[in-house]
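Heads up: the structure comes next, in structure tokens.
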Amino acid sequence: MRKTMFIAIAVVILIAAPAFTQTVVESHNFSSMGQWVPGPGDWSVSGNRLHQNDPRAPLARVDKRLPQDGIYQIDFNIRYADGGYRSDQDWQNQHFHAGFGVQVGVSNPPLRGRSWGLGESYLLWLNLDTRPETRSNAPEHFGFRAQVYESRSNIDMSLLRSSEARALLGSELMSVDIAEALQREFGYRMNVADLEPFLYRDIPISIRVNTRTGEIGVKDPTAPLRFFFSVDPAVLSGNYVALRTNSLAANFSDFVLTSR
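Residue numbers (our numbering): 188 to 447.
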């Protein structure tokens, strides 16, 4: 039976967020692959970084056994290496398409195998898509977006849908237009050119998960915001997490799991 899900979304300014007392449970500096299991894509480790080297891989993924219980937080850095556009002309026209994310609540994934979804789990995704065809045919993916995908099986995954999301976002799809959120909260107008400085440095990612209540908080790496939403807590009690990229070569560093 499909698990019941409820969602509520809030945008919280981080300086007003409650403190999170941390105990380090796991820390990985990627001096070796360790217990990370590479799947699709071209994965390697060097210079204390985990690299996904294929800029065209659509379903790149690496899995890590990580039992998830209580309240925990995942922090790591990601740095752009290559990809996100199909040609020099696309680069000049600022027609980009790339994304990355973390899949949580995963149970027994198809290790080393290709899959769209990962059983019953949630994919927390940061997506950039400025292609004209996306604006016309799939506007829920257009722009720079924080998204949540609900995975129901290894072959069935789509944007999370909720009537509560419709009330807060104007759409039942869990796809937050970050530029719109920044303008609403701070009056700041953001465009694609503003993202260019982030190509040349580590981007800190922070995800907080409460497996008891189903609340997840994802920090926006471009602004002092954390997006909170609620999902089915029963789905969050997995035994693996996965790092994923799409049409993007990137490297990861300083992966830390903390709990309280």
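Backbone N, C-alpha and C fix where the C-beta goes; we use that ideal spot for every residue, glycine too.
How about Ala429 and Asp241: do their beta carbons lie closer than 8 angstroms? No.
Please state whether DSSP places His328 in a helix, a strand or coil. Correct three-state label for His328: helix.
So for Tyr133, helix, strand or coil by DSSP? The structure shown has nothing for residue 133, since the chain only spans 188 to 447.
Neighbour-count burial assignment, Asp343, 16 or more Cβ in a 10 Å radius: Classification of Asp343: exposed, given that the 10 Å Cβ count is below 16.
Please determine, among Ser218, Ile390, Pro227, Leu346, the residue with the shortest C-alpha to C-alpha distance to Ser434. Comparing C-alpha distances from Ser434 to each of Ser218, Ile390, Pro227, Leu346 shows the shortest one belongs to Pro227.
Can you tell me the Cα-Cα spacing of Val335 and Tyr309, whole angstroms? Counting only the Cα atoms, Tyr309 lies some 7 angstroms from Val335.
Would you report the Cα separation of Asp419 and Ala368, rounded to the nearest angstrom? Answer to the nearest angstrom: the Cα atoms are 25 angstroms apart.
Determine the direct distance from the alpha carbon of Ala333 to that of Leu412, and round the result to whole angstroms. If I take the Cα positions, the gap works out to 12 angstroms.
Should the stretch 296–306 be called in touch with the stretch 318–325, which here means at least 3 C-beta pairs below 8 angstroms? At 8 angstroms Cβ cutoff, the stretches do not touch.
Going by CA-CA distance only, name the one from Ala285, Glu351, Gln222 that's closest to Tyr267. Nearest C-alpha to Tyr267: Ala285.
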